[in-house]
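Numbering-wise, the sequence shown is residues 1 to 237 according to full-length UniProt numbering. Report on one structure; see the data block that follows.
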Amino acid sequence: MVHKYQITGMTCTSCEAKVKSDLLMTENVTDVSVSKEDNSATITMSKHVALSDLQKNLNPKYSISAINHSEITEQAKSWFETYKPILLIFFYIGLVTLLIQLKNESFRSMEWMRHFMVAFFLVFSFFKLLNLKGFVESYVMYDVIAKRLPIWGYIYAFTELGLGIAFLIDFNPLFTNVVTFIVMSVSIIGVLQSVLNKRKIQCACLGAVFNLPMSQVTIIEDAIMIGMSGIMILNLI
Numbered sequence: 001m002v003h004k005y006q007i008t009g010m011t012c013t014s015c016e017a018k019v020k021s022d023l024l025m026t027e028n029v030t031d032v033s034v035s036k037e038d039n040s041a042t043i044t045m046s047k048h049v050a051l052s053d054l055q056k057n058l059n060p061k062y063s064i065s066a067i068n069h070s071e072i073t074e075q076a077k078s079w080f081e082t083y084k085p086i087l088l089i090f091f092y093i094g095l096v097t098l099l100i101q102l103k104n105e106s107f108r109s110m111e112w113m114r115h116f117m118v119a120f121f122l123v124f125s126f127f128k129l130l131n132l133k134g135f136v137e138s139y140v141m142y143d144v145i146a147k148r149l150p151i152w153g154y155i156y157a158f159t160e161l162g163l164g165i166a167f168l169i170d171f172n173p174l175f176t177n178v179v180t181f182i183v184m185s186v187s188i189i190g191v192l193q194s195v196l197n198k199r200k201i202q203c204a205c206l207g208a209v210f211n212l213p214m215s216q217v218t219i220i221e222d223a224i225m226i227g228m229s230g231i232m233i234l235n236l237i
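So, in structure tokens, the structure goes:
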């Protein structure tokens, strides 16, 4: 079910991110969209949540109230429908990089992993850069560095782009893989914390283009990059 509420007290764009983060901490709230322009919040719930419970989780400077409290029912998505965008991306990346190997007499695992990482970083950075501001607003909600240093969200998006290009031109393989291993290892910390704490927040892996909830899928995504870069480092030293 989806409810729309009026929010008062928002004065800047960062307030949107703060209100969204606070409301997502409420039990049974699965998604939140906040707009400073019309001072509203559209909240998706798995079960009805009392207005008092929503207010309790908000910073005291913000106030939430009903807008003629009209309710919109929404059919729950299946697991596949929810994660279809990221699953299709991994399918296409995996298929294309495997087809590239057909030109070789034998399967070259190191080359395949490099090609996979080229596609991964270029595709995922592309979606982040489509709405860089939206990506950063989602990313600061869970990343351990971006929480304290929001500019890291902007740096991270371009770091992914840089890594994709570095893998593409095979620039200093050892350096590129070490940077990848470090960056993705730091990134997975916030993801693990959010999933283990069962926080209902949006995953920023595909930027703000798709509304993907944080889950084990995000952990697997980061773990694949950590694993591949780790294997390639061991192969290079």
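Each residue gets a CB set at the ideal place from its N, CA and C atoms; glycine is no exception. Predicted model, so just to flag it, every value in this text is computed and none were measured.
Residue pairing for K4: DSSP places it in a beta bridge opposite T42.
A distance below 8 angstroms separates the beta carbons of Y62 and M10. A distance below 8 angstroms between beta-carbons, with the five flanking residues on each side excluded, links V178 to the following residues of its chain, in chain order: S229 and I233. Where V217 is concerned, the enclosing alpha helix (DSSP H) starts and stops at Q216 to L236.
Our two residues, K133 and E111, have alpha carbons roughly 34 angstroms apart in a direct line. Rounded to whole angstroms, the separation of the alpha carbons of Q55 and S65 is 9 angstroms.
Counting along the chain, the unbroken alpha helix (DSSP H) around V136 starts and ends at L132 to Y139.
Spatial neighbours of S125 in its own chain (CB-CB distance under 7 angstroms, excluding positions within 5 residues in sequence) are listed in chain order as A157, E160, L161 and G164. In this structure, M184 and I201 do not form a Cβ contact; the two beta carbons are roughly 19 angstroms apart against a cut-off of 8 angstroms. Excluding residues up to 5 positions away in sequence, Y139, V140, W152 and G153 lie with their Cβ nearer than 6 angstroms to the Cβ of A146 in the same chain.
Contact between D31 and N57 is ruled out by a C-beta separation of about 15 angstroms, above the 8 angstroms threshold. Under the DSSP assignment, T30 falls outside any alpha helix (DSSP H), being part of the beta strand (DSSP E) whose first and last residues are V29 to S35.
Contact check for F135 and G207: beta-carbon distance about 4 angstroms, within the 8 angstroms limit, so the pair qualifies. Take the alpha-carbon of K128 and the one of V191: they are about 17 angstroms apart.
The criterion of a C-beta distance shorter than 8 angstroms is satisfied by I188 and A223. CA-to-CA, the gap between T8 and N39 works out to about 6 angstroms.
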